[in-house]
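Heads up: the sequence shown at position 262 corresponds to 733 in this note's numbering, and the numbers run straight through without jumps.
Where is the CB? At the ideal position from N, CA and C, for every residue including glycine.
None of these values were measured; they are calculated from a predicted model.
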Amino acid sequence: VLYQLNDLDFNNSSEIRRKMRTIHHEFTHIINQMIAIPPSFEQVTKADYEADWTNTTTNPESISRSLGFISRYARSAYTEDFAEVVAHLIVEGQMYYDDYAKASGADAYAKLKRKEALVVDYFKEFYNIDFRALQQEFARVVIDQYNEKDAFSLGYWMRKGTLVSGIKVDPLAIYNSKYQTSTAFNSIYEAVKSGIAAVGGANRRLDNIEFKFSSGNQMELVVQYTNTANTTYYANYSYTYAINAANEMTLTKVAQRGTDGVYGNAGVIGAGVTVLQNYLTSNTFVVDWIHHDVEAADFMTFGGFYVKGAPDNYVFGVINK
Numbered sequence: 472v473l474y475q476l477n478d479l480d481f482n483n484s485s486e487i488r489r490k491m492r493t494i495h496h497e498f499t500h501i502i503n504q505m506i507a508i509p510p511s512f513e514q515v516t517k518a519d520y521e522a523d524w525t526n527t528t529t530n531p532e533s534i535s536r537s538l539g540f541i542s543r544y545a546r547s548a549y550t551e552d553f554a555e556v557v558a559h560l561i562v563e564g565q566m567y568y569d570d571y572a573k574a575s576g577a578d579a580y581a582k583l584k585r586k587e588a589l590v591v592d593y594f595k596e597f598y599n600i601d602f603r604a605l606q607q608e609f610a611r612v613v614i615d616q617y618n619e620k621d622a623f624s625l626g627y628w629m630r631k632g633t634l635v636s637g638i639k640v641d642p643l644a645i646y647n648s649k650y651q652t653s654t655a656f657n658s659i660y661e662a663v664k665s666g667i668a669a670v671g672g673a674n675r676r677l678d679n680i681e682f683k684f685s686s687g688n689q690m691e692l693v694v695q696y697t698n699t700a701n702t703t704y705y706a707n708y709s710y711t712y713a714i715n716a717a718n719e720m721t722l723t724k725v726a727q728r729g730t731d732g733v734y735g736n737a738g739v740i741g742a743g744v745t746v747l748q749n750y751l752t753s754n755t756f757v758v759d760w761i762h763h764d765v766e767a768a769d770f771m772t773f774g775g776f777y778v779k780g781a782p783d784n785y786v787f788g789v790i791n792k
C-alpha cells in the first residue's frame, strides 16, 4: 500500500525511491503469479524463514542479514524474499546490494549473491528481460529526472569506504576495445611502461596498475610488472586519499608503509613510475563511472576518475569490491 502520496516531494529523490521500492516489490508479486518463483530460490534459506518477522527479539536486522536476507521483511516468506531482492536491486541499486551483502558476513554474502543470480535468471528465462538493463534504466531516470546524487554514484560509495576496494587499469583487458580510453592518460601509462623497461637496462614489462583503497582513507598504487625471465612482481606506493561531497578526490603521497617485498620492489623501479606519481599528486580528480553509455552487462562495473576541468583526461578500469 502506498501512503502519503499527497505529501510526496518530487524534488526528494529518496522519497521517490522509497515509493518505487514498494511498487517494484508489489509488481514482482504480480509477475510471480503469472510464472512461479523457481523452487531453487526458496532452497537458499529455506530453514530460516520466520513468519513473525516483526519480532525484534527473534528477527532483528542483525540476525536477518546474517542469515542472508536483504531486509527483515524478506525473512517472512520466500515470496516476500524474492520481491525484496528484486526491489532492492533495482531501486537501491547494485552498489547498495553489494555493500549490504559484503557487510553481512561470508555466509550471508554467498546467499544474497545466489539469490541475486536466481532473480536475474528468472527475468531472463521467463520474461526475456535483461535485469541489468532494467537496473540501468531505473538509475538513469532517478538521476536525470529526480536528481539522485548518492545511490548510483561511484564517488558516494568510495566516500563511504566499505565497498570499493580497488580500480584496476589493464590496457590489454577487453573493455578497452569496447570503451574509449583517454589519450592524455595513455601517454602517462606509456611513459611508465618505457620508464620501467629502461630502469637498469633490465627491460622489465609493465603489466597493469591498480589503485587499492582501504580503511582510514589509505590507498596503495600497485604496479604489476614482469622481468625477462617471465617472473611477475608487484611494487606498492603508499598514499592517502580524500573525496569531498562533490566527488572531488585528492591523492597525497605518504611514507611507504613498508620497506621489504612490494615496497622494496617499488624502490627498484621507482624512477620509471615517477611520471605517474607526479600525475596523481599534482591534480584534483573527479570520481565517476567515466563512461555512462556502457552496455547493461557492464553497468556499475567500470569506473575511475578524471582531472577536474578536463573530463577527457581520465583513468578508468574494473571496479573491485
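Inset, instruction - Have a look at the DSSP bridge pairing and note the partners of residue 708. - result: Answer is 692, bridged to residue 708.
Inset, instruction - Report the partner residues of residue 676 according to the DSSP bridge assignment. - result: DSSP lists 697 as partners of residue 676.
Inset, instruction - Drop a sphere of 10 angstroms on the beta-carbon of residue 481, count the other beta-carbons inside from all chains shown, and report buried for 16 or more, exposed for fewer. - result: Residue 481 is classed as exposed because its beta carbon has fewer than 16 other beta carbons within 10 Å across all chains shown.
Legend entry - Per-residue burial, residue 474 [other beta carbons within 10 Å of its own, 16 or more giving buried]: That one is exposed.
Legend entry - Which listed residue (733, 686, 494 and 675) has its alpha carbon closest to that of residue 711: It is 686.
Legend entry - Buried/exposed call for residue 599, threshold 16 Cβ in 10 Å: With fewer than 16 other Cβ atoms within 10 Å, it is exposed.
Inset, instruction - For residue 496, count neighbouring Cβ atoms within 10 angstroms of its own Cβ and tell me buried if that reaches 16, exposed if not. - result: Under a 10 Å Cβ-count criterion, residue 496 is classified as buried, with 16 or more other Cβ atoms of the shown protein chains found around its own Cβ.
Inset, instruction - Taking the CB atoms as reference points, tell me whether residue 638 and residue 682 lie closer together than 8 angstroms. - result: Cβ atoms of residue 638 and residue 682: closer than 8 angstroms.
Inset, instruction - Measure the CB-CB distance between residue 570 and residue 529 and report whether it falls below 8 angstroms. - result: It is not a contact, given that the beta carbons lie outside the stated cut-off.
Legend entry - DSSP-derived helix/strand/coil call for residue 635: For residue 635, the secondary structure class from DSSP, reduced to helix, strand or coil, is coil.
Inset, instruction - Give, in chain order, every unbroken run of the alpha helix (DSSP H) that is at least 4 residues long and sits entirely within the segment 607-667. - result: For the segment 607-667, whole alpha helix (DSSP H) runs of length 4 or above, ordered along the chain, are 625-631 and 646-649.
Legend entry - Residue burial classification, residue 616 (beta-carbon count within 10 angstroms, cutoff 16): Flag for residue 616 reads exposed.
Inset, instruction - Measure from the alpha carbon of residue 772 to the alpha carbon of each residue in 550, 597, 564 and 516, then state which is nearest. - result: Ranking the options by Cα distance to residue 772, first place goes to 564.
Legend entry - Per-residue burial, residue 606 [other beta carbons within 10 Å of its own, 16 or more giving buried]: By the neighbour-count definition (other C-beta atoms within 10 Å, threshold 16), residue 606 is a buried residue.
Inset, instruction - Within 10 angstroms of the Cβ of residue 586, are there 16 or more other Cβ atoms? Answer buried if so, exposed if not. - result: By the 10 Å Cβ count, residue 586 comes out buried.
Legend entry - residue 478 versus residue 554 - alpha carbon distance: Looking at the two C-alpha atoms, the distance is approximately 26 angstroms.
Inset, instruction - Could you tell me whether the Cβ atoms of residue 623 and residue 610 are closer together than 8 angstroms? - result: Taking 8 angstroms as the Cβ cut-off, residue 623 and residue 610 qualify as a contacting pair.
Inset, instruction - Please state whether DSSP places residue 791 in a helix, a strand or coil. - result: DSSP places residue 791 in the strand class (E or B) of the three-state scheme.
Inset, instruction - Please say whether residue 718 and residue 759 have beta carbons closer to each other than 8 angstroms? - result: A contact, by the Cβ cut-off of 8 angstroms.
Legend entry - Euclidean distance between Cα positions of residue 740 and residue 698: Looking at the two C-alpha atoms, the distance is approximately 11 angstroms.
Inset, instruction - Could you say if the segment 642-656 and the segment 513-529 meet the contact criterion of at least three C-beta pairs nearer than 8 angstroms? - result: Result no; under three Cβ-Cβ pairs closer than 8 angstroms.
Legend entry - residue 720 - containing alpha helix (DSSP H), residue span: That residue, residue 720, is in no alpha helix (DSSP H); its beta strand (DSSP E) goes 719-724.
Inset, instruction - Report the rounded CA-to-CA distance for residue 669 versus residue 705, giving the unit in angstroms. - result: If you draw a straight line from the Cα of residue 669 to the Cα of residue 705, it is about 17 angstroms long.
Legend entry - Range covered by the beta strand (DSSP E) that runs through residue 757: Its beta strand (DSSP E) spans residues 756-759.
Inset, instruction - Output yes or no for whether 8 angstroms exceeds the beta carbon distance between residue 589 and residue 511. - result: With contacts defined by Cβ atoms closer than 8 angstroms, residue 589 and residue 511 form a contacting pair.
Inset, instruction - Using the DSSP secondary-structure output, state which residues sit across from residue 681 in a beta bridge. - result: 639 and 693.
Legend entry - Residue from 778, 628, 576 and 594 with nearest C-alpha to residue 509: Per the Cα distances, 594.
Inset, instruction - Compare the C-alpha of residue 486 against each of 573, 613 and 581 and name the closest. - result: For the options 573, 613 and 581, the alpha carbon positioned closest to that of residue 486 is the one of 613.
Inset, instruction - State the DSSP-derived secondary structure class of residue 554, mapped to helix, strand or coil. - result: Here residue 554 sits in helix by DSSP.
Legend entry - Reference residue 688; option with closest CA among 673, 723, 700 and 494: Comparing Cα-Cα distances from residue 688 to each of 673, 723, 700 and 494, the minimum goes to 723.
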